[in-house]
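>
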Amino acid sequence: MRGKRNLIVLFVALLAGLIAPLATGASSAGFWVEVLLGGLMAGVLYSLVALGFVLIFKASGVFNFAQGAMVLFAALSVARMAEKMPLWAAMLLAVVIMVALAFVIERLVLRPLVNQDPVVLLMATLGVTYFLDGFGQTVWGSDIYEIELGIAKEPVMILGNLFDGGILINKDDVAATAAAALLVILLALFFQKTKTGRALRAVADDHLAAQSIGIPLNSIWVIVWSLAGVVALVAGVIWGAKLGVQFSISQVALKALPVVILGGFTSIPGAIIGGLIIGVGEKMAEVFLGPVMVKAFDLAGGGIENWFAYVLALLFLLVLPEGLFGEKHIDRV
Amino acid sequence: MQDRTTAQRLTFHDAMETFEVDFSDLTFTDTAEVDTFYDEVDRQLAASGRRWYFLVVYPGCVIAPEAWERFAERGKNSNINSSLGTVRVGAAAQTRDAIREHAGRAFFRANIFDTREQAIAALGEMRKRQRAADAGTKAAAADAFLRIENVSLSFGGVKAITGVSFEIKRGEITSIIGPNGAGKSSMLNVINGVYHPQQGTVTFMGAKRHDMNTHAAAERGIARTFQNIALFKGMSVLDNIMTGRNLRMKSGLLAQAFRLPSAEREELQQREAVERIIDFLEIQAHRKTPVGRLPYGLQKRVDLARALAMEPKLLLLDEPMAGMNVEEKQDMCRFILDVNDQFGTTILLIEHDMGVVMDISQFVVVLDHGMKIAEGTPDEVRSDPVVIRAYLGVGH
Amino acid sequence: MLYRENGQFKTSYRADQQMLPILQDRIFMGLLLLFVFVGAPFIFSDYFFLSILIPFLVLSLAALGLNLLVGYCGQISIGHAAFMSVGAYAAYNLVLRVPQLNFLVALILAGLIAAVVGLLFGIPSLRIRGLYLAVATLAAQFFMDWAFARVKWFTNYASSGSVSTATIDIFGWQVNSPVRKYLFLAAVVTVFAILAKNLVRSHMGRAWMAMRDMDVAAEVIGIRPVYAKLTAFGVSSFYVGVAGALWGFVHLGSWEPLAFNITLSLNLLFMIIIGGMGSILGSFFGAFFIVALPILLNRAPEWLGIAMSTAMVSHLESMIFGSLIVFFLIVEPQGLARLWSIGKEKLRLWPFPH
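As given, the protein sequences belong to chains Z, S and B, one line each in that order. For the record, in the first sequence the residue sitting at position 327 is 327 according to our numbering, with numbers rising by one throughout. For the record, in the second sequence the residue sitting at position 214 is 547 according to our numbering, with numbers rising by one throughout. For the record, in the third sequence the residue sitting at position 260 is 989 according to our numbering, with numbers rising by one throughout.
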């Protein structure tokens, strides 16, 4: 099919772009790997945000674009509460807050809009994001707060003997990736192996059928939203620890969109892969493509990563308008 | 200098449908003489009130150079208005040249003959050819208005239609009936280009297509209503029907923005056409109501109105009476019959109510599981055991 | 009693098709225009013009443009401020590099350039719909942000990346005072609003609305989706480009690239959600609301006698915005414009209850 062929062309082009710096010798192998790893780590964060989103959609069919704002809120709560109590207590309390928040959002905002166009939901949850922005800062204050995870922030040199000069990576990035990987594995196991997990998947497929075999929908919502809340919390803590807790609507709320477009709205592996692709793409583009463009067009500085994710999503959409893992729509007329 | 009067040189041969103009041994020295002659020709042609084949006899005709142009021009004018075909006999070189310049070379060469007998024979051939062509057009018109040939349609693994063929005649009302899921709506969708069949052709008014494009279908005069009333919920009844006129509205963006007189005029013209339809379907009271607020039955009428606004040659109605009560059905039947009667629109409808089908259709096609299981007049279909078993049930 | 149509029978389609068929509406509009052009310059203070009316007028124009695309044609765009920036920078460069050009001509040209760019970014809408299209429009937003910040030619190689504009001169009439700015904008916006209203009630507008409501049925009727969508993008971007140029030249005077960022895009979207999607009047309501609310919130504490820090005020603003968006989407998706028409309905019956 033409779409598939164009997709392959796109992939090949991207791969070529990826390898170009290495192939042309514009950068040393070590540096290239460093950037790659950095991109992967950044991608992990995106994946985590997208993951919460996909979870909710997969299990309840609801588009919760406020996920990003919830991540931030979670991080903010943890950061502030950790000033008064041990970290683990703060995180536990934060889970409770997140679940409550999720419940409120679902009841007040998402349920009334349940059959509307996803665009309407997008706008509604943008409203929620704005609200949480103001609310979070009202409750917790507007400075940039830190989350101390107890992991050293200095970069570490590894694989010094393989690559010339070794590769610099951050310990907290490694911790983040490990945490994310663990989360994904746990989630995958949960959905595949446990009774509740299977029930969630049944509900996602067909609410009415699920109800008719006795799956209690209300408790399902609670479970799903708690899960999403936990994921948001993990993402928030990791993000907060790395970058400091600060609200940036374009980063947090909107970046999830290109990720789920690449990865599909219902696929957990898709969210992961999407996030990684975006993360790597952005970093690579910024570090390698940036200077090339600056020289070629006489630009005043870089900043490609601001738009790269979206343009990449756009290119994918032009090739596959339903998304990489998306489901085809057949309009019944 | 004439030995015969002009009138004597003009003869109507009724049996041969031929008007003979005899220029032999005539001399035209100036335009005035040409005019005098041709005035008489034109007068007689007008008085006859018919169109004729022309037989023009030239031997010995002399035309002075000053008169050539006028001669050729007048001749051409008479010909154009009244000629079913022209043959000429023996024109002198000069005359030939003058006429050749004005009548067009190939044409002129094709119909000069040396003797009168040859000319008359050629005339006979010409008339025979013309008659065959006329018969052909008539035959084409009586030919199937819409022909479906071996159409198959599937979605993914699901076969919606398998190898269906049928024909409907112009000006008739045809119904497609069958149990749910038989592929009836899909068939309509194939006809107007919403779905593209994997196999088979659709021939509409002589044009065969493997795959119809929705816009092309609309342009060629196919309109439809929808099972789920695909009305534009955000607009009023009037606006919904006006969208049906969209194909005919040609004014440009700027003309519309500045509401230039041409745009205003076009809007008014289309409004008039739409109002006639509103009158026809008796929905005047609801013109300005947003469509979403109307009861179901009226919405269906607006759907029909919108389709009618396209002035279609073929109207596809998808369950136009679904969900209506008895009075509404009677109204809708009346409208459908009126549309067929007054506008001559060919109608193809999907309907479950057997009473309606029997009453208003002239031809019925029965589908089941995507295949055609029967077709014929309502009475034939009603008593077909295959149909009874598949759909009607015993006791109809 | 006042607002009855009694006795106003239309005897021709032409009369029925007027922009304002009800006499009272015409009177009201006439009085409004009189007030806008003749009364207001004498009544309001410079501060009111500068901080409320001028931004209100420009943003109404932008909201109008966005409404044509989103409200009437149903194509989502959450990066529309990008086209404002195209208009602004185009106008800047035209005025800079072709000084003989009359400002009005430069303005129209800037709009046309924005229209072309809008058309380009509208092409994805032919294949992509809904949510996915929203993301594509974000690509436009962020890309333009970057382009105008980085490609030095646009800012005439300014080291700071900012540009500043000179006073607008139209055939010798200098637009140099708040009142003059206001009058100039009022004139432009009035004309553009009339043009938009005409478009919307002609066959182009109906084609757009058909695409919005049910595009499959629209195609079956013979409407060309490609033409409808692209014209929507083009016309919308034209309006928004002109608005961007006016924003830069009349309201801001000088600006840096981030003046047209995602926040502005989202504000435009919120304007039409709150004001009313698919309504010309609604664009004005929404714009006024978005402009007035922050100022109101700034003043409210002192009027109410409560002490509030500016940070707190901005948080409150976010919260109120956010809640209002959600409120309007759930309760009244047709926004303030619908409330206005409900009010008119009630006025029609007044003083009778029903």
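We treat Cβ as the ideally placed atom computed from N, Cα and C, and that holds for glycine.
Using the beta-carbon count (16 or more within 10 Å), is A439(S) buried or exposed?
Numbered from 1 along the second sequence, position 106 holds the residue referred to as residue 439(S). With a pLDDT of 49 at A439(S), under the threshold of 50, the modelled position of this residue cannot be trusted; read the value that follows with caution. Exposed.
> Against N306(Z), what residues of chain B qualify as contacts under a CB-to-CB distance less than 8 Å, listed in chain order?
One-based indexing of the first sequence puts residue 306(Z) at position 306. Result: F871, D874 and W875.
> Could you tell me the alpha carbon to alpha carbon distance between L838(B) and Y821(B), rounded to whole angstroms?
Walking along the third sequence from the start, residue 838(B) turns up at place 109. Walking along the third sequence from the start, residue 821(B) turns up at place 92. Between L838(B) and Y821(B), the C-alpha separation is close to 11 Å.
> What residue range is occupied by the uninterrupted alpha helix (DSSP H) comprising E1074(B)?
Sequence index remark: in the third sequence, residue 1074(B) carries index 345 (1-based). Start and end: G1064 to L1078.
> Of all the CB atoms in chain B, is at least one closer than 7 Å to the CB of V109(Z)?
Your numbering for residue 109(Z) matches position 109 in the first sequence. Yes, because at least one Cβ of chain B sits closer than 7 Å to the Cβ of V109(Z).
> Tell me E353(S)'s beta-bridge partners as DSSP assigns them.
By one-based count along the second sequence, residue 353(S) stands at place 20. T344(S) and L388(S), per the DSSP bridge assignment.
> If contact means a Cβ-Cβ distance below 7 Å, which residues of the stretch 925-937 of chain B contact chain S?
N927, L928, S931, H932, M933, R935 and A936
> On a Cα-Cα basis, can you pick out the residue from N885(B), S854(B), A817(B) and Q804(B) that is closest to R826(B)?
Start at 1 with the first residue of the third sequence, and residue 826(B) comes out as number 97. Just measuring C-alpha positions, the residue of N885(B), S854(B), A817(B) and Q804(B) sitting nearest R826(B) is N885(B).
> Compare the beta carbon distance of G840(B) and G970(B) with 7 Å and say whether it is the shorter of the two.
For the purposes of this step, residue 840(B) is taken as the residue at position 111 of the third sequence. For the purposes of this step, residue 970(B) is taken as the residue at position 241 of the third sequence. In contact: G840(B) and G970(B) (Cβ atoms closer than 7 Å).
> Please look up how many angstroms separate the CB atoms of M704(S) and T495(S), rounded, as I've assumed it's under 8 Å.
Reading the second sequence from its first residue, position 371 is the one you call residue 704(S). Reading the second sequence from its first residue, position 162 is the one you call residue 495(S). The pair is a contact, with the Cβ atoms about 5 Å apart (cut-off 8 Å).
> Within 7 Å of any Cβ in chain Z, is that where the Cβ of I950(B) sits?
Along the third sequence, read from residue 1 onward, the residue named residue 950(B) stands at position 221. Chain Z, which has no Cβ nearer than 7 Å to the Cβ of I950(B), makes this no.
> Using a 10 Å radius around the Cβ and a threshold of 16 neighbouring Cβ atoms, would you call R464(S) buried or exposed?
For the purposes of this step, residue 464(S) is identified with residue 131 of the second sequence, where counting begins at 1. Residue environment: R464(S) is assigned as exposed (fewer than 16 neighbouring CB atoms within 10 Å of its CB, all protein chains considered).
> If you pair each beta-carbon of the stretch 92-104 of chain Z with each one of the stretch 28-37 of chain Z, do three or more pairs fall below 8 Å?
No: fewer than three Cβ pairs fall under 8 Å.
> Can you find the residues in the same chain that come closer than 7 Å, C-beta to C-beta, to M691(S), ignoring five residues on each side of it along the sequence?
As a position in the second sequence, residue 691(S) is number 358, starting the count at 1. Same-chain partners within the cutoff: P711 and R715.
> Measure from the C-beta of Y956(B) to each C-beta in chain S and report whether the shortest distance is under 7 Å.
To locate residue 956(B), count along the third sequence from 1; it is residue 227. By this cut-off, Y956(B) is not an interface position.
> State buried or exposed for M758(B), treating a residue as buried only when at least 16 other CB atoms are found within 10 Å of its CB.
As a first step, residue 758(B) must be located in the third sequence, where it is residue number 29. Exposed, by the Cβ-count rule.
> Using a cut-off of 9 Å between C-beta atoms, extract the partners of G1007(B) located in chain S.
Start at 1 with the first residue of the third sequence, and residue 1007(B) comes out as number 278. Neighbours of G1007(B) on chain S, chain order: G567.
> If we count the other Cβ atoms within 10 Å of its Cβ and call it buried at 16 or more, is H529(S) buried or exposed?
As a first step, residue 529(S) must be located in the second sequence, where it is residue number 196. By the neighbour-count rule (16 or more Cβ atoms within 10 Å), H529(S) is not buried but exposed.
> Taking only runs that begin and end inside the stretch 573-600 of chain S, name each unbroken alpha helix (DSSP H) of 4 or more residues, in chain order.
586-590
> Could you pull the DSSP bridge partners for G418(S) from this structure?
Numbered from its first residue, the second sequence carries residue 418(S) at position 85. Y386(S).
> Check whether the stretch 765-774 of chain B touches the stretch 978-991 of chain B, counting contact only when three or more Cβ pairs, one atom from each stretch, lie closer than 8 Å.
In the pairwise beta carbon analysis, the stretch 765-774 of chain B is classified as not touching the stretch 978-991 of chain B: fewer than three pairs are separated by under 8 Å.
> Would you mind working out which of L564(S), Y629(S) and A638(S) sits nearest L614(S), comparing C-alpha positions?
Taking the second sequence and counting its residues from 1, one reaches residue 614(S) at position 281. Comparing Cα-Cα distances from L614(S) to each of L564(S), Y629(S) and A638(S), the minimum goes to A638(S).
> Should V224(Z) go down as buried or exposed, given a rule of 16 or more other Cβ atoms within 10 Å for buried?
Working through the first sequence from its first residue, we reach residue 224(Z) at position 224. Burial check for V224(Z): the Cβ neighbour count within 10 Å reaches 16 or more, so the residue is buried.
> Please list the segments of the alpha helix (DSSP H) lying wholly inside the stretch 767-851 of chain B, counting only runs of 4 or more residues, in order along the chain.
769-772, 783-796, 810-826 and 832-851
> Please report the distance separating the alpha-carbon of I842(B) from that of G951(B).
For this step, residue 842(B) is matched to residue 113 along the third sequence. For this step, residue 951(B) is matched to residue 222 along the third sequence. Spanning the two alpha carbons is a distance of roughly 30 Å.
> Between G554(S) and chain B, is the shortest Cβ-Cβ distance under 7 Å, so that the two count as touching?
Here residue 554(S) refers to the residue found at position 221 when the second sequence is read from its first residue. Put simply, the CB of G554(S) is far from chain B, with every gap to its CB atoms at 7 Å or more.
> Among K958(B), S741(B), L855(B) and N996(B), which has the Cα closest to the Cα of L320(Z)?
The residue given as residue 320(Z) occupies position 320 in the first sequence. Measuring from the Cα of L320(Z), the nearest candidate turns out to be L855(B).
> Secondary structure at P216(Z), three-state DSSP: helix, strand or coil?
On the first sequence, residue 216(Z) is found 216 positions in, with the first residue counted as 1. If DSSP states are grouped into helix, strand and coil, P216(Z) belongs with coil.
> Within 7 Å of any Cβ in chain Z, is that where the Cβ of V845(B) sits?
Translated into positions along the third sequence, residue 845(B) becomes position 116. No, V845(B) lies away from the interface with chain Z (no Cβ there is under 7 Å from its Cβ).
> Can you pull the DSSP bridge partners for I611(S)?
On the second sequence, position 278 is the one that residue 611(S) refers to. None, per the DSSP bridge assignment.
> When you compare the CB of I1049(B) with every CB in chain S, is at least one pair closer than 7 Å?
Taking the third sequence and counting its residues from 1, one reaches residue 1049(B) at position 320. Chain S contact via Cβ: absent.
> Buried or exposed: V104(Z), going by 16 or more other Cβ atoms within 10 Å of its Cβ?
Locating residue 104(Z) in the first sequence gives position 104, counting from the first residue. Around the beta-carbon of V104(Z), fewer than 16 other beta-carbon atoms lie within 10 Å, marking it exposed.
> Which residues mark the beginning and the end of the beta strand (DSSP E) in which D944(B) is found?
Working through the third sequence from its first residue, we reach residue 944(B) at position 215. Taken as a continuous stretch (DSSP letters only), D944(B) belongs to no beta strand (DSSP E), being part of the alpha helix (DSSP H) at D944 to I950.
> Step through the CB atoms of chain S and report whether any lies within less than 7 Å of the CB of A791(B).
Looking up residue 791(B) in the third sequence gives position 62. Output row for A791(B): interface = no.
> So, I1059(B) versus P291(Z), is the Cβ gap smaller than 7 Å?
Residue 1059(B) sits at position 330 when you count from the first residue of the third sequence. Residue 291(Z) sits at position 291 when you count from the first residue of the first sequence. Not closer than 7 Å, so no.
> Assuming L15(Z) and A69(Z) are in contact, meaning their beta carbons sit under 8 Å apart, how far apart are those beta carbons, in whole angstroms?
Position 15 of the first sequence, counting from 1, holds the residue named residue 15(Z). Position 69 of the first sequence, counting from 1, holds the residue named residue 69(Z). That belief does not hold up - the Cβ atoms of L15(Z) and A69(Z) are roughly 34 Å apart, past 8 Å.
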